[in-house]
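Structure, as structure tokens:
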Amino acid sequence: MSTLDSKIPEGPIKDKWTNHKNNIRLVNPANKRLIDVIVVGTGLAGGSAAASLAELGYNVKAFCFQDSPRRAHSIAAQGGINAAKNYQNDGDSIYRLFYDTVKGGDYRSREANVYRLAEVSGNIIDQCVAQGVPFAREYGGLLDNRSFGGVQVSRTFYAKGQTGQQLLLGAYSAMSRQIGKGRIKMYDRHEMLELVIVDGKARGIIARNLITGEIERHSAHAVVLASGGYGNVFFLSTNAMGSNATAAWRAHKKGAYFANPCFTQIHPTCIPRSGEHQSKLTLMSESLRNDGRIWVPKKKEDVLAIREGKKKPTDIPEEDRDYYLERRYPAFGNLVPRDVASRAAKERCDAGYGVNATGEAVFLDFSSAIMRYGREKANMLGEHNASEERIKELGKEVIEAKYGNLFQMYQKITDDNPYETPMMIYPAVHYTMGGLWVDYNLMTTIPGLYAAGECNFSDHGANRLGASALMQGLADGYFVLPYTIGDYLADDIRTGPIPTDTPEFDEAEKSVKERLNKFINNNGKHSVDYYHRQLGNIMWNYVGMARNAEGLKKAISDIRALRDEYHKNVRVPGSADEFNPELEKATRVADFLELGELMAVDALNRNESCGGHFREEYQTEDGEALRDDKNYAYVAAWEWTGDPSEEKLHKEELKFEYIELKTRSYK
Amino acid sequence: MNLTLKIWRQKNKNDKGRLETYQVSNISPDSSFLEMLDVLNEQLINEGKEPVAFDHDCREGICGMCSLYINGEAHGPDRGVTTCQLHMRKFKDGDTIYIEPWRSAAFPVIKDLVVDRSAFDRIMAAGGFVSVNTSGNTQDANNIPIPKDDADKAFDAATCIGCGACVATCKNGSAMLFVSAKVSQFALLPQGKVEATRRVHNMVKQMDEEGFGNCSNTGACEVECPKGISLENIARMNREYLKASIISEDEE
Ligand SMILES: Cc1cc2nc3c(=O)[nH]c(=O)nc-3n(C[C@H](O)[C@H](O)[C@H](O)COP(=O)(O)OP(=O)(O)OC[C@H]3O[C@@H](n4cnc5c(N)ncnc54)[C@H](O)[C@@H]3O)c2cc1C
Ligand code: SF4
Ligand code: FES
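These protein sequences, in sequence, are chains A and B. Using the working numbering, the first residue of the first sequence is number 107, and each one after it goes up by one. Using the working numbering, the first residue of the second sequence is number 36, and each one after it goes up by one.
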């Protein structure tokens with residue numbers, strides 16, 4: 107039944123990308139000047155794509171909803187970026203990164219894409235260093251690495267806890283150079299609200315100027331969406347407040363298939379929820395699991411004493427602590443992949459061992475690492491008889507140099523000092539592996555519409571490994587799209603500018619204006635957040651870390667009811683022709699209310715557990731995910747037919763020719 | 036906690052604007068300052084009034100989107116944090132809190148507490164980059180070792196989030212701390228040194244054109260900077276600038 111052509115090039119996997127690049131059509135420099143490309147999003151994927159396409163000579167129009175491209179959500183990425191450089195000489199290679207990523211994704215990603223990602227990863231680091239990205243270095247002046255979950259090599263490059271910031275500022279400076287030259291026209295504080303299709307091809311967008319409220323028409327020969335992930339469907343997530351699905355969802359409703367929507371990543375180490383007015387959750391980078399050990403007390407009475415404040419975590423002796431990851435997964439210990447670590451935390455907390463008042467927290471403890479580093483440092487300084495106190499002091503300095511900003515962030519939020527007492531953490535929604543379906547060229551099912559970065563369904567299968575999203579975003583933008591888009595645009599060198607005074611643009615603009623006016627004139631009862639919070643609760647309870655058929659069916663009917671209620675009763679103050687943040691939220695939440703349902707539909711369809719998608723009905727005796735390769739080794743790509751519950755399923759069968767399908771084990 | 040808020044309300048850039056008074060109650064000391072404003076806004080919406088517009092996105096101190104002049108201090112009373120990282124436990128029950136936008140000729144108000152900082156982007160477009168193409172045909176990343184100390188200093192300068200607190204705090208509205216952070220980052224790295232002179236020249240020229248004031252070395256910016264960007268960067272930029280003027284005189 108598949109109508110999906112993934113356009114994977116012929117030949118052995120290690121030659122596919124090179125051969126493909128050699129064979130695709132090019133557009134000569136003089137002709138590039140005649141071609142316009144719209145890039146929606148200026149995060150790592152969009153920023154790098156816009157800069158690269160402009161350098162090649164295309165006329166680029168870039169859009170973001172923040173007040174500057176530098177503020178895209180990528181800026182918040184903390185821990186690092188992977189690359190198969192093997193600088194540590196610990197056995198890393200392109201193949202191993204490829205293998206780790208396919209296995210980490212629980213065998214639900216496309217081999218050819220993942221191989222290409224691993225292949226270009228090294229170049230990303232070269233590129234970023236050339237741009238002046240100040241990665242962490244060793245005393246010899248060479249680049250330093252750390253480890254991330256799910257792998258046994260050190261291949262993660264980093265800049266303290268601000269890797270995303272430094273990489274994004276690199277892409278932003280590359281963009282700035284092109285903005286200065288006039289090759290990129292930057293539209294900040296603009297939001298894309300509709301895709302315009304002319305003769306079956308993506309030819310433009312309708313955007314709202316968020317300052318004046320004006321509705322604008324923008325045309326181009328191709329449109330790239332790099333608008334990020336949709337984790338905010340859950341209301342509380344580690345995503346920035348403005349992160350949203352609107353660009354992708356609008357494209358979906360115009361014909362772009364949406365792939366694996368239910369594949370959500372719940373990150374194991376986030377600061378637990380505190381109060382009812384909480385607006386977002388804060389990540390504590392996975393890099394902390396390099397040095398932090400995760401535990402809960404073995405005895406229930408200790409759990410209670412800690413909850414009641416009668417005991418401190420430091421009062422619990424070593425033998426009464428359950429380092430449950432080290433216990434269950436001796437081979438990977440605290441560095442198991444995220445899905446595994448999150449479920450293990452939930453298992454302990456559900457069993458009654460959660461260590462805070464809500465019972466939803468475990469400890470992440472740095473005391474061993476502080477002592478280990480302290481001793482090393484003392485030896486380096488020749489202080490062989492250093493006191494316990496001195497060792498601790500030196501150890502803290504090392505930890506501060508590695509994770510200073512994360513510790514500060516933690517302290518500011520919780521008012522606890524993590525150098526002295528273990529952090530409390532709990533899983534939270536973090537990343538979405540699902541997204542717009544794309545072929546090998548990153549083109550969606552709409553000709554001329556591309557998707558890059560977190561907004562496509564990408565290379566991470568059912569679970570993304572840490573430090574691989576930054577890699578993928580930059581790979582897509584710097585090294586893949588600049589080639590593949592040319593192949594498509596080669597047909598457009600004689601097309602000339604796309605006019606915007608056509609019925610297609612009229613129609614798209616009209617629908618946007620109607621949608622906005624409906625909200626403004628609704629005169630409802632409750633704020634947008636009031637409904638968004640409820641959606642978040644439904645999603646977290648039934649489409650979160652553990653799912654089952656009954657819960658998913660309930661989620662579907664609850665979301666439908668909430669959506670009706672929302673459109674009847676939401677209240678949006680102010681008008682459409684002014685700066686109006688509530689109106690921005692209203693359109694985003696309307697789209698979340700449809701996407702959330704599709705996520706549940708997809709989760710209900712997938713009768714297996716894989717990666718971040720855990721169906722309680724499908725688990726092994728010791729509670730591990732039970733995959734069903736016979737029936738579900740496919741990408742589920744959904745086609746909009748007018749209602750989220752009526753979407754049509756298309757299957758892209760996944761073929762594994764280079765990596766054997768195995769049960770994923772980290773024991 | 037119960038609080039009285041005096042908040043700057045301004046419909047758009049042409050409106051004159053004024054302080055208005057609001058009450059909020061039952062605020063948890065563990066909530067963040069922006070969550071407190073969320074509560075106020077929810078309250079205003081329920082009363083059929085217009086919520087207060089303010090900029091924010093990441094809410095964890097890294098995107099640089101949030102701003103606010105709180106009780107006369109950029110990013111409020113706590114040190115080393117942005118407004119979104121400020122927590123209500125820094126205030127007392129019954130407090131009156133004044134909340135105003137950044138004030139600077141180069142940052143016009145858009146609405147309420149939201150200002151236009153695009154001048155920073157234009158300074159960046161004038162020279163805040165290394166002129167290298169993104170083709171990936173660069174040399175191996177480890178070909179040029181960089182002394183750890185230089186790399187660390189470059190990193191420290193590069194952690195500027197472009198929030199504009201330095202400008203808002205400065206009595207002259209100078210953007211020197213922001214510009215010098217970028218100039219320093221690149222000047223400290225071999226990759227950026229090559230065009231250091233041209234860069235500083237172009238960025239400073241753009242800074243002047245945007246209407247930022249002069250630096251009179253009072254150092255208020257360093258105190259209020261949420262990222263601890265150091266005044267050393269300004270000294271380094273001045274040295275770079277001096278070199279740049281000598282070279283351009285030579286060229287003339
Ligand atoms: C707290 C945190 C830490 C992380 N740490 C790491 C890490 O250490 N390593 C790692 O590999 N990954 C990490 N990730 C994941 C990674 O940061 C993201 O997946 C990645 O940055 C996404 O980049 P992007 O370019 O696809 O989208 P984003 O950076 O989210 O950018 C989206 C862009 O689209 C624009 N946009 C969206 N919708 C519209 C619209 N309708 N109109 C106009 N513009 C629009 C936005 O303005 C923005 O410019 C982390 C994620 C979080 C939340
Ligand atoms: S120097 Fe500091 S205060 Fe100024 S913009 Fe940068 S981070 Fe903000
Ligand atoms: S909202 Fe991002 S720094 Fe405050």
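Glycine residues also receive a C-beta, built at the ideal position from the N, C-alpha and C atoms.
Determine the chain A residues that contact residue i at a beta-carbon separation under 8 Å, and present them in chain order.
i: B/Ile181; result: Arg243, Gly247
i: B/Asn49; result: Correct list: empty, because the minimum Cβ distance to chain A is about 12 Å.
i: B/Gln174; result: Asp232, Ala236
Can you name, in chain order, every residue of its own chain whose Cβ lies under 6 Å from the Cβ of residue i, other than the five neighbours on each side?
i: A/Ala160; result: Val166, Gln284, Arg289, Ile290
i: B/Met211; result: Cys250, Ile269
i: A/Pro304; result: Looking at the sequence itself, residue 304 of chain A is Val, so the reference to Pro does not match. Excluding residues within five positions, the ones whose Cβ falls inside 6 Å are Glu610.
i: A/Ile552; result: Ala308, Gly361, Ala362
i: A/Gly592; result: Leu132, Val133
i: A/Met645; result: Val339, Phe340, Gly702
i: A/Met107; result: At A/Met107 the pLDDT is 43, less than 50, meaning the model places this residue with poor confidence and gives no usable figure here.
i: B/Trp137; result: Ser102, Val150, Gly199, Ala203
i: B/Gly162; result: Arg234, Asn237, Met238
i: B/Glu287; result: Here the model assigns B/Glu287 a pLDDT of 46, short of 50, so the residue's position is not dependable, and the following value carries that caveat. For B/Glu287, where only same-chain residues beyond five positions count, there are no Cβ hits under 6 Å.
i: A/Val777; result: Absent from the model: residue 777 of chain A. The displayed extent of chain A is 107 to 773, so no value can be given.
Name the chain B residues that come within less than 9 Å of residue i, Cβ to Cβ?
i: A/Thr388; result: Arg94, Glu95
i: A/Ala280; result: Phe164, Val165, Val167, Asn168, Thr169
i: A/Leu273; result: The premise fails here: A/Leu273 is roughly 11 Å from chain B at the closest Cβ pair, so nothing lies under 9 Å.
i: A/Gln640; result: The premise fails here: A/Gln640 is roughly 14 Å from chain B at the closest Cβ pair, so nothing lies under 9 Å.
Starting from the C-beta of residue i, find all residues in its chain whose C-beta is less than 7 Å away, skip the five residues before and the five after it, and write them out in chain order.
i: B/Pro143; result: Lys48, Val150, Asp151
i: B/Glu55; result: Ile42, Arg44
i: B/Leu72; result: Val87, Phe89
i: A/Lys631; result: Asn675, Arg677
i: A/Thr747; result: Glu753, Lys754
i: A/Val220; result: Phe204, Thr207, Val208, Asp565
i: A/Pro588; result: Ser158, Leu159, Leu162
i: A/Lys287; result: none
i: A/Arg770; result: Lys209, Asp212
i: B/Gly263; result: Gly115
i: A/Ala709; result: Cys368, Val649, Arg653, Leu658, His719
i: A/Val226; result: Ala581, Phe585
Can you find the residues in the same chain that come closer than 8 Å, C-beta to C-beta, to residue i, ignoring five residues on each side of it along the sequence?
i: B/Arg53; result: Trp43, Arg44, Gln45
i: A/Asn137; result: Ile599
i: A/Asn619; result: For the sequence presented, residue 619 of chain A should be read as Lys rather than Asn. Excluding sequence neighbours, A/Lys619 sits near Ile321, Ala682.
i: A/Gly554; result: Lys307, Ala308, Arg309, His327, Ala328, Val329, Tyr594
Below 8 Å on C-beta distance, what does residue i contact in chain B?
i: A/Met347; result: His91, Asp92, Cys93, Arg94
i: A/Ser154; result: Thr169
Quick one: list the residues of chain A neighbouring residue i, beta-carbon separation under 7 Å, in chain order.
i: B/Pro136; result: Per Cβ cutoff of 7 Å: no residues; B/Pro136 is ~13 Å from chain A at best.
i: B/Val116; result: Lys518
i: B/Ile42; result: Going along chain A, no residue has its Cβ under 7 Å from B/Ile42, so there is no contact; the nearest lies around 15 Å.
Give the residues of chain B in contact with residue i, contact being defined as C-beta atoms less than 7 Å apart.
i: A/Asn229; result: Gly171
i: A/Arg177; result: Asp92, Cys98, Gly99, Met100
### Task
Please list the segments of the alpha helix (DSSP H) lying wholly inside the segment 682-727 of chain A, counting only runs of 4 or more residues, in order along the chain.
The segment 682-727 of chain A contains these whole alpha helix (DSSP H) runs: 687-711.
### Query
Which runs of the beta strand (DSSP E) spanning at least 3 residues fall entirely within the segment 433-493 of chain A, listed in chain order?
Counting whole runs of 3 or more residues, the segment 433-493 of chain A contains the beta strand (DSSP E) stretches 468-471.
### Query
Is it a yes or a no for the segment 723-739 of chain A touching the segment 669-686 of chain A, going by three-plus beta-carbon pairs under 8 Å?
The answer is no - the segment 669-686 of chain A does not touch the segment 723-739 of chain A, with fewer than three Cβ pairs under 8 Å.
#### Entry: Complete beta strand (DSSP E) runs within the segment 399-432 of chain A (minimum length 3 residues, chain order)
Counting only runs of at least 3 residues, the segment 399-432 of chain A fully encloses the following beta strand (DSSP E) elements, listed from N- to C-terminal order: 399-403.
### Query
If we count Cβ pairs, one from each stretch, closer than 8 Å, do we get three or more for the segment 202-210 of chain A versus the segment 122-139 of chain B?
No contact exists between the segment 202-210 of chain A and the segment 122-139 of chain B.
### Message
For the pair the segment 316-327 of chain A and the segment 596-606 of chain A, tell me if three or more CB-CB distances fall below 8 Å.
### Response
With the cut-off at 8 Å, the segment 316-327 of chain A and the segment 596-606 of chain A touch.
### Message
Is it the case that the segment 345-361 of chain A contacts the segment 546-561 of chain A, given that we only count it when at least three CB pairs across the two stretches are under 8 Å?
### Response
Cβ pair count under 8 Å is three or more, so yes.
### Message
Suppose only complete runs of 3+ residues qualify. What are the beta strand (DSSP E) ranges in the segment 93-154 of chain B, listed by chain order?
### Response
Inside the segment 93-154 of chain B, DSSP marks whole beta strand (DSSP E) runs of 3 or more residues at positions 131-135, 144-146, from first to last along the chain.
### Query
On the three-pair Cβ rule with 8 Å, is the segment 120-128 of chain A touching the segment 238-247 of chain A?
A contact is defined here as three or more CB-CB pairs under 8 Å, and the segment 120-128 of chain A fails this definition with respect to the segment 238-247 of chain A.
### Query
Is the segment 425-441 of chain A in contact with the segment 484-493 of chain A, if contact means three or more CB pairs nearer than 8 Å?
Segments in contact, no.
### Query
At which residue ranges does the segment 542-600 of chain A contain complete alpha helix (DSSP H) runs of 4 or more residues, listed in the order of the chain?
Qualifying alpha helix (DSSP H) stretches, in chain order: 575-580, 587-595.
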